[in-house]
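Per the working numbering, residue 3 is the first one in the sequence shown, and the count goes up by one each step. Each residue gets a CB set at the ideal place from its N, CA and C atoms; glycine is no exception.
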Amino acid sequence: MTSARRTVLKLLATVPVAAQAARAATPAVAAEAPGGIVKPLPADVFTRHGTNAETRPSALRGTGFHTPNDRFFVRNHTATPALDADTWRLTVWGSGLRGGPARFTLADLRALPAVSRDVAIECAGNARGYFASQQHDTVTGTPWTLGAVGVARWRGVRLADVLHRAGIGDHAVAVMPRGLDAEYVTAGVNQGRVRRPLPVAKALADVLLAYEMNGAPLPPDHGFPLRVVVPSWVGIASIKWLGDIEVSAEALHSPWDTDYYRLFGPGHPPQGSAPLTRQPVRSTFELDHGATLDARHTHRLTGRSWSGHAPVVEVRVSTDGGAHWRRAQLQDPPRRHGWVRWSVPWHPHATGPTTLLARATDAAGNTQPDHTPPNTQGYFFDAVVRLPVTVV
Numbered sequence: 003m004t005s006a007r008r009t010v011l012k013l014l015a016t017v018p019v020a021a022q023a024a025r026a027a028t029p030a031v032a033a034e035a036p037g038g039i040v041k042p043l044p045a046d047v048f049t050r051h052g053t054n055a056e057t058r059p060s061a062l063r064g065t066g067f068h069t070p071n072d073r074f075f076v077r078n079h080t081a082t083p084a085l086d087a088d089t090w091r092l093t094v095w096g097s098g099l100r101g102g103p104a105r106f107t108l109a110d111l112r113a114l115p116a117v118s119r120d121v122a123i124e125c126a127g128n129a130r131g132y133f134a135s136q137q138h139d140t141v142t143g144t145p146w147t148l149g150a151v152g153v154a155r156w157r158g159v160r161l162a163d164v165l166h167r168a169g170i171g172d173h174a175v176a177v178m179p180r181g182l183d184a185e186y187v188t189a190g191v192n193q194g195r196v197r198r199p200l201p202v203a204k205a206l207a208d209v210l211l212a213y214e215m216n217g218a219p220l221p222p223d224h225g226f227p228l229r230v231v232v233p234s235w236v237g238i239a240s241i242k243w244l245g246d247i248e249v250s251a252e253a254l255h256s257p258w259d260t261d262y263y264r265l266f267g268p269g270h271p272p273q274g275s276a277p278l279t280r281q282p283v284r285s286t287f288e289l290d291h292g293a294t295l296d297a298r299h300t301h302r303l304t305g306r307s308w309s310g311h312a313p314v315v316e317v318r319v320s321t322d323g324g325a326h327w328r329r330a331q332l333q334d335p336p337r338r339h340g341w342v343r344w345s346v347p348w349h350p351h352a353t354g355p356t357t358l359l360a361r362a363t364d365a366a367g368n369t370q371p372d373h374t375p376p377n378t379q380g381y382f383f384d385a386v387v388r389l390p391v392t393v394v
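This is the structure:
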């Protein structure tokens, strides 16, 4: 057991009785989806990783700016729970409130001013598999390629509005949303339900509690009936199946910001880096690994690039393994919290294997490097990905 984990368990052991009662008041999970995921996972759209499902790059081609709900990746720690919207309640509680716990029905939340935002949700481990396949590094975790990301139009209420309705005080410093999926057990340790703290400043700034995704009620796999959406931050912050939010006058911690979602290993302190927040710059072609292209035609290579720090303003593409580069045409205006689609024409001059590369730069000057320093849990791979294809 790490020192960080001992600290978390000690903190949990000292939770006041009133707080424990507030936690117990959250709705119970009725059931779980057989196999962990509810929606169909056709092999031409998804790659299955246990309780997770990764979108194939080719499945994004022609889908538009928003990722369709049936093609949006799934990241589950356990399994998708079956929740009843009529009996579901959101409990907001903790020492950071001016009074006692506040409870909201879905109808209560829908009565508040609604907002819609285009926001990318992305697992911090997206592209993790390239540490091994491209850099020959040893890391742990789901070997995602570049399909653990999607952009949706989320509709819901501002977390700030809910916190103010609940009576957040000026003395509050942190909030911690917690999901209603089953408790997560790993290596014989029960970590409890998935939860991760947010600084009050971030919670009040731009965080959304969403009940719709791309114009429809949240699908079960994506957080029905309510989820958190934290723009530009690692996906773990966007808690699904929200059941309660602790508002605290003191700093909060969970295994998802102490043991996980930090950078560990050489070059990092023993307790790891600071908890991960903003996502790095990444790019993907809308082609699958090992795709075959016809030498007789001019191809319109398409892809997507994104950054948690600033809008992507430039993408350069190489079709010969990095020997030559040219600028891609951006199909969308640069924008925060999402991605830009891009394209570049290519008429191959020779048959045989070649390697495609795409390198993005955002408005803050962040550019994808050639190499990502490894970390033991394989987070934040942001190097240019080498995509092998064959021209015939």
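_Inter-residue CB distance, residue 281 and residue 324 (contact presumed, cutoff 8 Å)_ = The Cβ separation is near 24 Å, so there is no contact.
_Reduced DSSP category for residue 72 - H, G, I as helix; E, B as strand; rest coil_ = Helix at residue 72.
*Would you report the Cα separation of residue 378 and residue 109, rounded to the nearest angstrom?*
44 Å
*Examine the ligand NAD and report whether any of its heavy atoms sits within less than 7 Å of the Cβ of residue 52.*
Because no ligand of any kind appears in the structure shown, any question about the ligand NAD cannot be addressed here.
_Where residue 138 sits in the DSSP three-state scheme_ = Three-state result, residue 138: coil.
*CB residue 122 to CB residue 339, shorter than 8 Å?*
It is a contact, given that the beta carbons lie within the stated cut-off.
*Residue nearest to residue 88 in terms of C-alpha spacing, selected from 355, 317, 285 and 228*: 228
_Once the 5 residues before and after residue 194 are set aside, which same chain residues still bring their CB inside 6 Å of it?_
Taking residue 194 as the centre and dropping the five residues before and after it, the same chain places the C-beta of 185 closer than 6 Å to its C-beta, in chain order.
_Using C-beta distances below 7 Å, list every residue in its chain close to residue 357, excluding the 5 sequence neighbours before and after it, in chain order._
Cβ within range, chain order: 323, 388, 389 and 390.
_Using C-beta distances below 7 Å, list every residue in its chain close to residue 19, excluding the 5 sequence neighbours before and after it, in chain order._
Per-residue confidence for residue 19 stands at a pLDDT of 33, beneath the threshold of 50, marking its modelled position as unreliable; the derived number appears in the next sentence. There are no such residues.
*asked:* With a threshold of 8 Å between beta carbons, is residue 113 in contact with chain D?
replied: Note that chain D does not occur in the displayed structure, where there is just one protein chain.
*Does DSSP put residue 290 in a helix, in a strand, or in coil?*
If DSSP states are grouped into helix, strand and coil, residue 290 belongs with coil.
*Quick one: grab the DSSP three-state call for residue 361.*
strand
*If you draw a straight line from the alpha carbon of residue 197 to that of residue 242, how long is it in whole angstroms?*
9 Å
_Contact belief for residue 393 with residue 367 at Cβ below 8 Å, rounded distance in angstroms_ = Cβ atoms of residue 393 and residue 367 stay farther apart than 8 Å, at about 35 Å.
*What residue range is occupied by the uninterrupted beta strand (DSSP E) comprising residue 223?*
Premise fails: residue 223 is in no beta strand (DSSP E) and is neither H nor E.
*asked:* Could you check whether the region 216-227 touches the region 259-268, counting it as contact only if at least three pairs of C-beta atoms, one from each stretch, sit closer than 8 Å?
replied: Touching, no, given that fewer than three Cβ pairs across the two stretches are closer than 8 Å.
*May I ask you to verify whether the region 66-76 touches the region 154-162, counting CB pairs closer than 8 Å and requiring at least 3?*
Yes, since at least three Cβ pairs between the region 66-76 and the region 154-162 fall closer than 8 Å, the two stretches touch.
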